[in-house]
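Visitor:
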Amino acid sequence: MDVKMEGPGMEKVTLQDIIEMAEKAKLDLSVDLAKMDPTGKLLEQGMDSLDYANLLFEIEDTFKIEIPDEEYDVGKWDTIEKILENINDGCDQ
Amino acid sequence: MIGIEEIGIYIPDYRQMNGLKSYQGEKVDPDFIKNKVGFVSTARKAEGENTADMCQKAFHNLLSRVGDLDVNDIECICVCTQNGEYRMPHTSAILQDRLSLSGRCAAFDISLACSGYIYGLGAIQSFMEFNNFSKGLLFTCDPYSKILDTEDKGTDLLFGDAATVTLLSTKGSLKMGKSTFYTKGASYDVAITHEGGHLLVDNRKIFNFVLREGMDTIQRCMKSNQITDKDVDVYLFHQASKYVLDQLGRRMNIASEKVPFKAQTYGNTVSSSLPLMLQDYLEDDGIQSFFMCAFGAGLSAAATVLNRA
């Protein structure tokens, strides 16, 4: 799926969009995103580091964004809630 | 035209069993190791064993496979390593003496990591053809155990030691096609060893590089050689980890049986990764065409094709 990050008023990206993205890309994650606490850290809810890297890679490609190292390193993308906020903040700019 | 005639290999006997490891007091998950990382164990050279020793053992394996190789006929040797015997001189010079090769034999090292075999094949083949040489040897040996931090699970669980030697000759029946390359020098510090330090690797960035620039390199190589998936019998991808290969094969829609993962018991052996696998296929006439791709420190990626003549 290609989500265009252009201009105000476009639909917000939801968890369902992320789930569909993962399925379409056949990421075969070790956890069910739908069952995770959106405010809890992904790596503390059973997701392994490889799936985490893969998920973020797919998010970068699908939503045409680049996750800066400094944000990754300080955990700005480590929960579903933060991921969605970051993606949708990019849409609002 | 120069082609690959035979390959000799050496993998040390000792294995580090990854499922038994702990890091900072935390045990690794054996299922995660087996099913995701893929390296149930990694090979480790013996204490006191060094790069030239390992190359020499690979050469002995080559001799057992070729039978009638006269060392005086070897006109050039190349060693691909970033962890040679010494900082200087080049390890290939030491090997010239160890293997009793002619003093007229050219010897040079190339400094590349995981992409080194493909680069090395191109370099030595070109060198041989330009100089009308008939027989040459390409060694790969990069024993990372010399630089690993045994407390860093991001590297300690991945890398293994090994050496290979590829005999290239005018009799060689495996011919190389066009190669493609990618260099991302801005990411030079993604896999780095500082003077006197340990290997430091950002595995996430390596992963991203493989899936972006690595895939681009593969696609350009297929286009350059005018081939598609149906023209390839087997894909030999650098054995970075089982997970990387799974993701690469999946994203490229390649049938999993065409992307072998063979390094379960010895690990990521850097530039030895591809020739270790290739040796297994040399006598399999059912495999006529190979696609090879490797990616690693640099960051660097390379891809090529090999076809039986």
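Chain order of the listed sequences is A and B.
In terms of the numbering used here, the first sequence opens at residue 1 and continues consecutively.
In terms of the numbering used here, the second sequence opens at residue 1 and continues consecutively.
C-beta atoms are modelled at their ideal positions from N, C-alpha and C, and glycine is treated no differently.
1) Taking 8 Å as the threshold (C-beta atoms), are cysteine 78 of chain B and glycine 19 of chain B in contact?
2) Extract the residue ranges of the alpha helix (DSSP H) inside the stretch 110-184 of chain B, only unbroken runs of 4 or more that lie entirely within it.
3) When the Cα atoms are used, what is the spatial distance from lysine 4 of chain A to phenylalanine 209 of chain B?
4) For proline 143 of chain B, which residues from the same chain have a beta carbon less than 7 Å from its beta carbon, with the 5 sequence-adjacent residues on both sides left out?
5) Using CA atoms only, rank isn't needed, just tell me which of B/Asp152, B/Leu299 and B/Thr91 is closest to isoleucine 192 of chain B.
6) Along the stretch 242-264 of chain B, what residues have a CB closer than 7 Å to any CB found in chain A?
7) Going by the DSSP bridge assignment, what does alanine 76 of chain B pair with across the sheet?
8) Return no unless some Cβ of chain A is closer than 8 Å to the Cβ of phenylalanine 310 of chain B.
9) How should serine 134 of chain B be labelled, buried or exposed, when 16 other C-beta atoms within 10 angstroms of its C-beta is the threshold for buried?
10) Please name the residue in B/Ser145, B/Lys223 and B/Met222 whose C-alpha comes closest to that of threonine 42 of chain B.
11) Tell me which residue opens and which closes the alpha helix (DSSP H) that glycine 249 of chain B is part of.
12) Excluding the 5 residues flanking glutamate 85 of chain B on each side, which residues of the same chain have their C-beta closer than 6 Å to its C-beta?
13) Can you tell which of B/Arg104, B/Thr166, B/Ser187 and B/Ile206 has its C-alpha closest to the C-alpha of leucine 278 of chain B?
14) As a quick exercise: from A/Ser49, A/Pro38 and A/Met36, pick the residue whose alpha carbon is nearest that of valine 37 of chain B.
15) With the cut-off set at 8 Å, would you say methionine 88 of chain B and glutamine 125 of chain B are in Cβ contact?
16) Does any residue of chain B bring its CB to less than 8 Å from the CB of alanine 22 of chain A?
17) Quick check: the stretch 25-36 of chain B against the stretch 101-112 of chain B, are at least 3 beta-carbon pairs closer than 8 Å?
18) Using only alpha-carbon positions, find the residue among B/Ile118, B/Val40 and B/Val305 that is nearest to lysine 223 of chain B.
19) Any residues in the stretch 186-220 of chain B with a beta carbon nearer than 9 Å to a beta carbon of chain A? Which ones, in chain order?
20) Can you round the beta-carbon distance between threonine 180 of chain B and alanine 303 of chain B to whole angstroms, since I take them to be within the 8 Å contact cut?
21) Would you kindly report the start and end of the unbroken beta strand (DSSP E) that includes glutamate 6 of chain B?
22) When the Cβ atoms of the stretch 75-85 of chain A are set against those of the stretch 263-273 of chain B, are three or more pairs found closer than 8 Å?
23) Just the Cα atoms here: how many angstroms apart are glycine 267 of chain B and serine 241 of chain B?
24) Can you name the residues of chain B whose CB is closer than 9 Å to the CB of phenylalanine 57 of chain A?
25) Measuring straight from C-alpha to C-alpha, what distance separates glycine 90 of chain A and aspartate 28 of chain A?
26) Report buried or exposed for lysine 57 of chain B, applying the criterion of at least 16 other Cβ atoms within 10 angstroms of its Cβ.
27) Do you know whose CA, among B/Leu69, B/Ala297, B/Phe291 and B/Val270, lies nearest tyrosine 117 of chain B's CA?
28) I'd like to know if the stretch 193-206 of chain B and the stretch 227-238 of chain B are in contact, where contact means that at least 3 CB-CB pairs between them fall below 8 Å.
29) Are asparagine 61 of chain B and glycine 8 of chain B touching if we call contact CB-CB under 8 Å?
Guide: According to the data block:
1) Taking the first residue of the second sequence as position 1, residue 19 of chain B is located at position 19. Taking the first residue of the second sequence as position 1, residue 78 of chain B is located at position 78. It is not a contact, given that the beta carbons lie outside the stated cut-off.
2) Listed in chain order, the complete alpha helix (DSSP H) runs (minimum 4 residues) inside the stretch 110-184 of chain B are 116-130 and 153-156.
3) Along the first sequence, one-based indexing puts residue 4 of chain A at 4. Along the second sequence, one-based indexing puts residue 209 of chain B at 209. With a pLDDT of 43 at lysine 4 of chain A, under the threshold of 50, the modelled position of that residue is not reliable, and the figure given next carries that caveat. Their Cα atoms are separated by approximately 24 Å.
4) Along the second sequence, read from residue 1 onward, the residue named residue 143 of chain B stands at position 143. Lys45, Thr51, Met54, Asn83 and Asp161.
5) Against the second sequence, residue 192 of chain B aligns to sequence position 192. If we check each option's Cα against that of isoleucine 192 of chain B, B/Leu299 comes out closest.
6) Tyr243, Gln247 and Arg250
7) The count along the second sequence starts at 1 and reaches residue 76 of chain B at position 76. The residue asked about is misnamed: residue 76 of chain B is cysteine in this sequence, not alanine. Under DSSP, cysteine 76 of chain B shares a beta bridge with B/Ala106 and B/Gly136.
8) Outside the shown range of chain B, which is 1 to 309, sits residue 310 of chain B, and nothing can be said about it.
9) Position 134 of the second sequence, counted from the first residue, corresponds to residue 134 of chain B. Under this definition serine 134 of chain B is an exposed residue.
10) Residue mapping note: residue 42 of chain B aligns to position 42 of the second sequence, counting from 1. With distances taken between Cα atoms, threonine 42 of chain B lies closest to B/Ser145.
11) Position 249 of the second sequence, counted from the start, is the residue given in the question as residue 249 of chain B. Run containing glycine 249 of chain B: 242-251, per the alpha helix (DSSP H) assignment.
12) In the second sequence, residue 85 of chain B corresponds to position 85, counting from 1. Cβ neighbours of glutamate 85 of chain B within its own chain (closer than 6 Å, five residues either side excluded): Asn50, Thr51, Ala52, Thr91 and Ile94.
13) Position 278 of the second sequence, counted from the first residue, corresponds to residue 278 of chain B. Out of B/Arg104, B/Thr166, B/Ser187 and B/Ile206, B/Thr166 has the C-alpha closest to the C-alpha of leucine 278 of chain B.
14) Residue numbering aside, residue 37 of chain B sits at position 37 when the second sequence is read from its first letter. Here the closest residue by C-alpha is A/Ser49.
15) Sequence index remark: in the second sequence, residue 88 of chain B carries index 88 (1-based). Sequence index remark: in the second sequence, residue 125 of chain B carries index 125 (1-based). No, the Cβ-Cβ distance between methionine 88 of chain B and glutamine 125 of chain B is not below 8 Å.
16) On the first sequence, position 22 is the one that residue 22 of chain A refers to. Judged by the 8 Å Cβ criterion, alanine 22 of chain A is not in contact with chain B.
17) no
18) What you label residue 223 of chain B is simply residue 223 of the second sequence in a count that begins at 1. Of B/Ile118, B/Val40 and B/Val305, the residue nearest in Cα terms is B/Val305.
19) The residues in question are Asp202, Asn203, Arg204, Lys205, Phe207, Asn208, Leu211 and Arg212.
20) The count along the second sequence starts at 1 and reaches residue 180 of chain B at position 180. The count along the second sequence starts at 1 and reaches residue 303 of chain B at position 303. Threonine 180 of chain B to alanine 303 of chain B, Cβ: 5 Å. Contact.
21) Here the question's residue 6 of chain B lines up with position 6 in the second sequence. Element bounds for glutamate 6 of chain B: 3-10.
22) no
23) If you number the second sequence from 1, residue 267 of chain B lands on position 267. If you number the second sequence from 1, residue 241 of chain B lands on position 241. Distance between the alpha carbons of glycine 267 of chain B and serine 241 of chain B: 8 Å.
24) Translated into the one-based positions of the first sequence, residue 57 of chain A becomes position 57. Correct list: Arg204, Phe207, Asn208, Leu211, Arg212 and Gln247.
25) Within the first sequence, numbered from 1, the residue matching residue 90 of chain A stands at position 90. Within the first sequence, numbered from 1, the residue matching residue 28 of chain A stands at position 28. Roughly 27 Å between the two C-alpha positions.
26) On the second sequence, position 57 is the one that residue 57 of chain B refers to. With 16 or more other Cβ atoms within 10 Å, it is buried.
27) For the purposes of this step, residue 117 of chain B is taken as residue 117 along the second sequence, with counting starting at 1. Closest option to tyrosine 117 of chain B, Cα to Cα, is B/Val270.
28) no
29) In the second sequence, counting from the first residue as 1, residue 61 of chain B sits at position 61. In the second sequence, counting from the first residue as 1, residue 8 of chain B sits at position 8. In this structure, glycine 8 of chain B lies closer than 8 Å to asparagine 61 of chain B by Cβ.
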